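Below: the structure, in structure tokens.
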Amino acid sequence: MKVVIGVRDSVREIPLDLDLDANALRSTVERALLDGALIDLTDTKGDRVLIPAASVAFIQISEQESRHVGFQLS
244 MKVVIGVRDS VREIPLDLDL DANALRSTVE RALLDGALID LTDTKGDRVL
294 IPAASVAFIQ ISEQESRHVG FQLS
């Protein structure tokens, strides 16, 4: 799924492509918020992102659309 994370006091958003589902992401973020810890995410390319949970302004989640290749009859 595609995720965009907004960070407080930053004009740059963090776009990620994750292999998690929305519920797994939510529980990861909630756990980090409750513990005052870092949100630790690894994207599909293996890049790791650590974000202080208290600094998150928003998280936008978009499920991936299946892409059609080739011709399609109407």
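Take the sequence shown: its letter number 48 is residue 291 in the numbering used here, and every next letter is one higher.
Just so it is clear, CB atoms sit at the ideal spot from N, CA and C, and this is done for glycine as well.
These numbers come from a predicted model, not from an experiment.
Review point. Apart from the five residues just before and just after Leu-293, which ones in its own chain have a Cβ nearer than 6 Å to its Cβ?
Key: Leu-281, Asp-283
Exercise for review: Please classify Ala-267: is it buried, with 16 or more other beta-carbons within 10 angstroms of its beta-carbon, or exposed?
Suggested key: exposed
Check your understanding: Rounded to the nearest angstrom, how far is the Cβ of Ile-304 from that of Met-244, given a contact under 8 Å?
Key -> 6 Å
Review point. If you check the beta carbons only, do Asp-286 and Asp-260 fall under 7 Å apart?
Key: yes
**Study point:** Residues of its chain near Thr-271, where Cβ-Cβ distance is below 8 Å and the 5 sequence neighbours each way are ignored
**Key:** Leu-263, Ile-282, Asp-283, Leu-284
Check your understanding: Do Ala-296 and Ala-275 come within 7 Å of each other at the CB atom, strictly closer than that value?
Key -> yes
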